[in-house]
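Chemist: Let me give you the structure first, and then I'll get to my questions.
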Amino acid sequence: MLKLGIIGCGSVMQGPYMELVNKLVFKKILQLKTICDVDKKLEKILSKKFYYNNFVTDYNKILKDKEIDVVLILTSMNEHAKIAKQCLKQNKHVLVEKPMATNLKELNELYTLAKKSKKYLVAAPFVILSPTFQAIYSELKNNRIGKVALARARYGWAGPNWGEWYYKTGGGPLFDLGVYNITTLTGLLGPVKNIISKSSISKPYRVINGKKIKVKTEDNFQIILQFKNSCIAVVTTGFTMQQYNSPAIELYGSDGTIQMLGDDWEPKAYEIWDNKRSSWELYKTPYANWPWASGFTHLIDCILKRKKPIINLDHAYHVNEIMIKIYESSKKQKQIAIDSTFKPLVFRKRIKTKKSFLDHDRSHDDI
Ligand SMILES: NC(=O)c1ccc[n+]([C@@H]2O[C@H](COP(=O)([O-])OP(=O)(O)OC[C@H]3O[C@@H](n4cnc5c(N)ncnc54)[C@H](O)[C@@H]3O)[C@@H](O)[C@H]2O)c1
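Under the working numbering, think of the first position of the sequence shown as 14, with each following residue one higher.
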């Protein structure tokens, strides 16, 4: 039975990750050996909610425990790279929430270490595992809408009212939310050659856990990505959107359009405009309740079956480099070149989709 350690026991650990962990514990695939948070108060709360062996406040205890095979890093973002490097050095498989790193130095160190390691490093987000993403990927491969010239992506909300770090340097909606869009677009369209962006602090103060704090990092972004295949995309992200009712991803090809409905971390369906048919077609994908934390079950499956994770480290590095350079672009007010690249993604299974109906007057309420 694999033994698991979790570092960072806040909002995301207590929700989606523990749901998946509990399923594997119930099936006796996993033992949740140790959980760690610097916040000692959590021990009492979590002991009533979850079954685990130890609670610790120093993650070195997880690193030193030779029995622990896999570690989930679910802390605030600035901690990710440092802890992930230490886990790999201690011969553990690692899942790290996004971003892998908040600066290029740490990103390069972690990437170099992971490339040499025999253990797996899978970096969130896991949007490319979603059946809807994979179905759209097949449609593009099958040339359903011709050559894609333009794309748009969007993910935002009003912003967290917990975790002050979300509003400090190394936090912010780009690393937290825009990362999904950039992973989706690069996953579908390939590597980016340069970027240019504008960003701002739209709300200088926020109330976090009932306390007024000064915002220290941008909460509002408009980004342009130019791809190596010459497609140009716009990514809109911010803790500045109250609601929306438009597709997460729009791809404009020479023969048609594809739109992903819902958010890319929780897609509902996709629709295609095909010039030959001259109509919108709506496709529902199976597994409508695909869990966005499924990179975790994928990692466990890969460890047990000794297969390489689909989550591609070169792709994750590319996305992370783009995000770090978006900050540089905003600051210097100029276009910045992207140095890294990655090979096209490879999927093992073909996703079956179900055409729902031919629809000229699309209503999102129908989905
Ligand atoms: N909350 C969400 O909806 C959500 C969704 C997807 C991904 N994520 C990602 O998950 C990560 C965590 O987000 P969250 O919302 O759960 O944050 P959070 O602030 O609720 O939880 C983070 C926890 O990590 C702990 N921590 C920080 N540094 C630590 C250290 N060195 N050792 C041990 N514990 C430490 C904090 O005390 C805190 O309890 C982030 O990377 C975020 O981008 C969050």
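By construction, the Cβ of each residue, glycine as well, lies at the ideal position given by its N, Cα and C atoms.
Between the beta-carbon of Gly169 and the beta-carbon of Gly266, is there less than 7 Å?
Modeler: Contact: no.
Chemist: Per DSSP, what are the beta-bridge partners of Asn233 in this structure?
Modeler: Answer by DSSP bridge pairing, in chain order: Ser213, Gly251.
Chemist: Is Ser291 near ligand 1, with its Cβ less than 6 Å from a heavy atom?
Modeler: Answer for Ser291: no, Cβ out of range of ligand 1.
Chemist: Which residues bound the alpha helix (DSSP H) around Ile280?
Modeler: The amino acid at residue 280 is misidentified as Ile; the sequence shows Pro. Run containing Pro280: none in the alpha helix (DSSP H); it sits in the beta strand (DSSP E), 279-287.
Chemist: Give the DSSP-derived three-state secondary structure of Phe360 in the structure shown.
Modeler: coil
Chemist: Less than 7 Å separating the beta-carbons of Gly203 and Leu358?
Modeler: no
Chemist: Just to confirm my understanding: we take Ile48, look at its own chain, exclude 5 residues before and 5 after, and list those with CB closer than 6 Å. What are they?
Modeler: These residues qualify, in order along the chain: Ile19, Cys22, Tyr65, Phe68.
Chemist: Run the CB neighbour count on Arg167, radius 10 Å, all protein chains shown included, and call it buried at 16 or more, exposed below.
Modeler: buried
Chemist: Spatial neighbours of Gly159 within its chain, please: CB distance less than 6 Å, with the 5 preceding and 5 following residues excluded, ordered by chain position.
Modeler: Scanning its chain for C-beta atoms nearer than 6 Å, with the 5 sequence neighbours on each side dropped, one finds around Gly159 the residues Gly266, Ser267, Asp268, in chain order.
Chemist: Return the chain-ordered list of same chain residues with a C-beta closer than 7 Å to the C-beta of Tyr30, the five sequence neighbours on each side being excluded.
Modeler: Leu85, Leu87, Ala306, Phe309
Chemist: Anyone know if the C-beta pair for Thr196 and Pro138 falls short of 7 Å?
Modeler: Between Thr196 and Pro138, the C-beta gap is smaller than 7 Å, which places the two residues in contact.
Chemist: Would DSSP call Lys154 helix, strand or coil?
Modeler: helix
Chemist: Quick one: give me the first and last residue of the beta strand (DSSP E) that Met336 is part of.
Modeler: From DSSP, Met336 is part of no beta strand (DSSP E) but of the alpha helix (DSSP H) over 326-345.
Chemist: Check the DSSP bridge columns for Met273 and list the partner residues they point to.
Modeler: Ile262, Tyr283
Chemist: Spatial neighbours of Ser130 within its chain, please: C-beta separation below 6 Å, excluding the five flanking residues on both sides.
Modeler: Leu101
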